[in-house]
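What follows is a single structure, written as structure tokens, with notes after it.
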Ligand SMILES: Cc1ncc(C[n+]2csc(CCOP(=O)(O)OP(=O)(O)O)c2C)c(N)n1
Ligand SMILES: Cc1ncc(C[n+]2csc(CCOP(=O)(O)OP(=O)(O)O)c2C)c(N)n1
Ligand code: SF4
Ligand code: SF4
Ligand SMILES: [Mg+2]
Ligand SMILES: [Mg+2]
């Protein structure tokens, strides 16, 4: 039986909804959020999500550090962020309420599991009195539901143990949400059956509870109104839900398959990059060899060694790991072999806040190597873009025989959105352009006059044995300490990287037109929030434009001119001004930075306020 | 008997002389140069040297890669560089001639060991015919001396084996040079006796040969004129000869002794930094514990661990090693403990040209860590300054509880100059300001309102047990994932480092005055060449000023204003424009870079030409 | 609190931090045993330093009211060595995990073993990466399915005891999170050792690798599957000590019926100069053999920090520090206030 | 030159680079032996890769007409592993030094041992840092005076063979630069091994540590101080094989007079499953014992690259690569060209 979608006459149409689900890390918050997301996406909405994990270690149940959250925005129009304030907050326990209440909008729906607000729960969350009763929640629409008890009751007689039964309660809440927004339960039922295929009693129980929640919403008419969010006007095509890290893995498989390149991923687990390794280790049939090495140095080493043998070497990490890979990256710039390095940035410095997002590795990516060792740096804008930028990075790495750093972010890594699934033939074929004919050999560092790239000769190629290494060498690849040669080689390597700009799309505005009163420049994950903020301000008639940089090195052509076309420039970043620094140095632009380092992305509202302020509005 | 200094009527006075000695790496070139240097310094000249080692491995004798060189300038006025072109070149073999001839000035004296110009020697150096005979040396004053044979003859009858005898020939040449410039042989005789105390037969032989060379010069009247370079007008005081790496070690001992601080140096050998480790390992009696760890990461780790126990932690390395230390440096910025990091830069990237000098690690020092992890960066200007900057770096590290990077250079490390020996009481006492009284404790990260520094509590202090680490934390030192706390902590750490500027001398010109037509800005070892070039140009009436930066982060106060006071700014660097980048980003100054990456320092002549060009002269 | 107060109790070693491991994690038991042992040994809190890397286990210092340094993944031994060099009088403990010590940190680990620096290294071996959510570690069994090895891991695991012995360790022991008394004894032995003491502690990660040591901690496991090593005593195990270890024909260790041939049972000698027998013992593993628990090797060798002190003392004797002389170096000359070229202005000194 | 030509000779393995070690350096002899062995084994130059770190020894690849990668200090095993994973069909050799492999590189070293990846690792052990001019290395003798240990070094040295065995190595051997025939045999055995083969080569650095192995390479050394290991043969040494190794009471190896009690002399079995005996052998050292030379251990285990290939093949069998399906993932939906809100525009698919 599928819930009768659209059969409720009274559903109010809404353009977009932000739902936040919060509870203990043991409460299945991420699963619940994930299901709500897929179901919304399947219903044709545009979606954007923001999981918010607690610190890595499981904190004691019920405490503030143990709270896990998940935010989802679904919409009938295009959206670019998971939203600022929540329209609905589901709080499974007092701690979750305490942490997340401030993000619920005035008048928003607050759904709490009343059963968890006992003395013990309140104490653990540090509440002296129950917030449910002390009038402190007057500004929101509070709904107290005995979710635990109702779940237990729904399962009475199934023979399920109390602990297992309690674990199903997230599906009760999910059922209520599905009722609230008129969502079908079918996709989740299918997912449950699949997931618990080996434990049918759990499958049955979860399904039962999901339906019970849905029906409870329906029967009790818990909410004053129920809503519907019609499908969004996405570009036609086949869509799936995808997060940024899985997107990287998929792209690597696509490269391997389409270009016939062996991909060797050397990696070492680190939050929030580990899931790329996980996803890649399921791609063995696709020509992707995932190898968990003993550390970050060995993992990039394996990738570089693989490149010497003609494979596309890849390594994935986060900030601390990138810091360790600097020496090998320097070697890679010297031996000029293709190599992809993904840094899924997290809040630093040092161990910092490993589960939180940040954009603070840009200058390290650009400069974190000794000597003159320039290399291309790219950054994806969205989870889907993690797919396409991986292919772009591989294109550059292969064409220019160079390591490339891709700076993704924790926020993109686990945030998901609808991804238009490309047909395999939409994926470009990258020609490795191996040199295999000894007749074409003019030295290991004889350069292509156009790209300045050296030949890529996979070890094993007959008749082309050669030696590479980290010492300075001449065009033939012979070690050289000659003064003039070094100066020339430094210039050639730099020129090669700078020259990539000619091969990139020139800088262009996302929104607005040259000559507007303000230009907002961003990079990485802030693209969505900036675009949305700028659109919303423009809708009010403000003359504000935006520009997004996917390529941080080299910067796209025409950027300087564009920047100069605006009287004021704002550079919002999740760091203390690293792109700002780059633009200052390169273009002497008198830009203003907007720096958030709070382990969280920008809110559209924050950006709008800043834009308005700068426009004197 | 001491050679009769000053007893030759015909000595022509000279202001300064540049001598280059070159030969096979087995020929004792560095020893010869070192002796000529000390003797000149002892004679009251100002001196500056530039050793030029071959690549690390001994190449086959007689070949071009095996050539070792040493340049010395000694002067009766203040000098700042080892000089551009040589007035005298001593070439022990054809390979040495081939490599170094181009640096001998027109009309300069060329002294060759004729015996080495046999068929074998010429072939190894790649000469088809002997340059001594083919007229190609017409522009220089060639002196052919059978140095090997004369040495052997001087030792005939001493019973010394042929091989050992041949090894003495560098002292024959040195003797001739001493004659040429009217130097006493005594200091070198003393040195020989000391060095070969355990092998008196060698002491005797070397002394004999030295005197033979001197007398040969005298007797044969080899040179048309002989010269004398009167003592220089150095500031009064006691002087010694000192190279940059030894200066660092001495300063560490001085800190340990004067401030009663235990110094723990963790290091791992790497050219050209190793000699700091060597020198420190002889300082055990001075409270300096030198520890050769298993790698660069362990060595900075040991230094940081020592700091946690209240010692001054120090680590020394070169570029590849600094690349490896980045992660631990990030931790050090997070735990805010004093730590000195010396990077003796060499030509990169990667292994590059390990024995050659460069200034290309500046941006890595500034930005080579993930997350926002700012720290102070300093750079010495001269070998002597390596002493004083070490003390300054320790002062900052201790006062601000921060790691400090000192960027020295291969050129300073092994280059030597007269160092005015300070009395111990001239060395400032650095107060560690340990917190040892529990009553004064307000949290591990409670900050001094003036410096923003946190307390330094040596592990072992009763009643003040606390925990530090790489995770973000609050003022008490408790781990915190709070959004606002992180933003505040990032700002506090940055503010602390930026605030050091208030504690530094403001920017000031070395030469010239604000409003001149051109300002030349430099950092590190280029100071000498720049100052000299600017002085010489000023002497011609050109309005050019110079400014030298010892502090690269934070930059000194007033720098922006000073830069703005000049219509044109030139930034010469031994890299591709790293300080230029920094100044551009910070001050949007439209400076022009002058970039030399040839593994060698600037020549005064090159700089003067560039200055003249910019002034349109 | 002052150093002169009454000796601290076990509770005094607990910090004010809420312990944040997963409920049921083996780390809890280890924490409380360590606290008890420190109290029993009368360690002064302020003279005790705990240095850790990164991992669940490495959160340990936060829960101890001692000096603590939560450092970087794999780097604790190097950092702890610096603490010890700067302050040899402190009791320095390293807490690490199987990933921390044996994956990224194996270099520092083997060097700490070889150097015999006064560190007590406790390796919580749960055979998994706990903190990063369950990838295989260098001690995970071959074939183990984890997020990064969905088809089964391919790497043969390290034997941490064998690795330590191969690196020249002077003290090597093993215990189990849940064997409180045995663990306490083992930690006491480690504390008593001068130089590097390495203790592998089998630790259950009930979230990502539950039951990895179930055979040992299950009801009869501690009797049937453990070989308790006691100096001078025969190598016997089983409910009634019915199994023994004897010498095989090729010199390997073999099972012998202890009752039938008591003379054939070898005796344990952790102090043997050669590490060969300890290495042979370290090879024994479940299920063919019982798991050796206790001290495999404990030999006396000079410590790094002791030797450093010795050299420093000798250096001071051979002419104590004379800064002025050091600064002057082998040769100086004087420049007077006189004019350039004035010979009086310059005087040599040897 | 084509792959189909006549088999290369020893000279064909020499590159066109002038060899630049110090005259008299032991590296020369090793180079020429390696070239001879490669020729004898008929290795194809283009299918051979030599990966090195940094050090005098690590200049090796420049002198070989094969593929060569002179990488970073200590990192060669990790990089070579990548070569092997990408191209399992190539013959991959690592050349390293005692500092390169055992100081900065010990982590990668021990992991290469444990993983049994098809690398032949040749460690030129001169017990010194040659390239950086003579500092002590992790294999330098305690007390050695070097530029960084003017008062004598304090670190006890690693025993590289023991470390490798402790790490789980499947092939461990030792030879000497100047013992050309023995070295050649040993290298051939290493080449024949599947998986990681570790060969320690005693190498004289005549500049910074001259004569470190003089006792062995001096006139009578190779007879008096070497124990040549040969599978199945008794462990005997001396001019007339007069000394033997037997089993001591505590299970250690002891000298026995071979002539008097031939039955008491143990036989060498490099293929023994347990590494215990090999470890005991590795402990023997000059001057108390002869130095064991030859193959200490050689056992057959699955190789990393082989297992990777196996898993890949299995994965392909269980549903070959289907990129379209992979990209689509578990669940997709269609958005048509219709208007927003038009239900026809959206269709679910499972
Ligand atoms: C340089 C670096 N690389 C990777 C990580 C991620 N990381 C943290 S802990 C850990 C492994 C933890 O495993 P283990 O040491 O066994 O400790 P456990 O959590 O099991 O106690 C990893 C890979 C990191 N923090 N730093
Ligand atoms: C990261 C890094 N640290 C240090 C060095 C300096 N370095 C080069 S080779 C070497 C040691 C060489 O010793 P070994 O490996 O024994 O080789 P050998 O020269 O004796 O053959 C060192 C410390 C370096 N090149 N890179
Ligand atoms: S993940 Fe495992 S090791 Fe970590 S705290 Fe939880 S149970 Fe313990
Ligand atoms: S320094 Fe030693 S190891 Fe290096 S080339 Fe010279 S003799 Fe050989
Ligand atoms: Mg673990
Ligand atoms: Mg060596």
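Residue numbers (our numbering), protein chains in the order written: chain X, 1 to 617; chain A, 618 to 1234; chain D, 1235 to 1584; chain F, 1585 to 1934. For each residue, glycine too, the CB sits at the ideal point set by N, CA and C.
What residues from the stretch 1368-1382 of chain D come within 8 Å of chain X, judged by C-beta to C-beta, listed N to C? Hits within the stretch, in order: 1369, 1370, 1372, 1381 and 1382.
Do you know whose CA, among F:1606, F:1611, F:1605 and F:1628, lies nearest residue 1597 of chain F's CA? By alpha-carbon distance to residue 1597 of chain F, the top candidate from F:1606, F:1611, F:1605 and F:1628 is F:1628.
What is the rounded straight-line gap between the Cα of residue 23 of chain X and the Cα of residue 180 of chain X? 20 Å
If you check the beta carbons only, do residue 1266 of chain D and residue 1330 of chain D fall under 8 Å apart? The answer is no: Cβ separation not under 8 Å.
Residue 1089 of chain A burial status per 10 Å Cβ neighbour count (16 or more: buried): buried
By DSSP's criteria, residue 170 of chain X is part of a beta bridge. Which residues make up the other side? Paired residues: none, contrary to the question.
Residue ranges of each beta strand (DSSP E) within the stretch 1413-1482 of chain D, 3 or longer: 1431-1436, 1460-1463 and 1477-1481
Between the stretch 1452-1471 of chain D and the stretch 1507-1527 of chain D, do at least 3 Cβ pairs fall closer than 8 Å? yes
Just to check my reading of the structure: residue 587 of chain X and residue 560 of chain X have Cβ atoms closer than 8 Å, yes? What is that Cβ distance to the nearest angstrom? 5 Å
Close Cβ partners of residue 1575 of chain D (< 7 Å) along its chain, the five nearest in sequence each way excluded: Here the model assigns residue 1575 of chain D a pLDDT of 39, short of 50, so the residue's position is not dependable, and the following value carries that caveat. Excluding residues within five positions, none has a Cβ falling inside 7 Å.
Neighbour list for residue 1734 of chain F in chain A, Cβ cutoff strictly below 7 Å: 898 and 899
With DSSP collapsed to three states, give me the class of residue 1648 of chain F. strand
Whole alpha helix (DSSP H) runs in the stretch 1657-1728 of chain F with 4 or more residues, listed along the chain? 1660-1670, 1682-1686 and 1690-1699
Residue 1915 of chain F: which of X:191, X:121, X:108 and X:510 sits nearest, CA to CA? Residue X:191 is the option with its Cα nearest to residue 1915 of chain F.
Of all Cβ atoms in chain X, is any one closer than 8 Å to the Cβ of residue 1662 of chain F? yes
Going by DSSP, what residue range makes up the beta strand (DSSP E) through residue 602 of chain X? First-last for residue 602 of chain X: undefined, no H or E at that position.
Residue 1638 of chain F CB to nearest chain A CB: under 8 Å? yes
Per-residue contacts from residue 1392 of chain D into chain F (C-beta, under 9 Å): 1694, 1695, 1698, 1750, 1751 and 1752
Three-state secondary structure assigned by DSSP to residue 639 of chain A: strand
Endpoints, the beta strand (DSSP E) within which residue 345 of chain X is located: 339-345
Is the beta carbon of residue 15 of chain X less than 8 Å from the beta carbon of residue 77 of chain X? yes
Taking its Cβ as the centre, do 16 or more other Cβ atoms sit within 10 Å of residue 38 of chain X, making it buried, or is it exposed? Buried is the call here.
Indicate, with yes or no, if ligand 4 has a heavy atom lying under 7 Å from the CB of residue 1790 of chain F. yes
Considering just the uninterrupted stretch of the alpha helix (DSSP H) at residue 216 of chain X, what are its terminal residues? 200-220
Simplified DSSP state of residue 382 of chain X, which is helix, strand or coil: Here residue 382 of chain X sits in coil by DSSP.
Short Cβ contact (8 Å threshold) for residue 1368 of chain D with residue 1333 of chain D: no
Within 10 Å of its beta-carbon, does residue 845 of chain A have 16 or more other beta-carbons around it, so buried, or fewer, so exposed? buried
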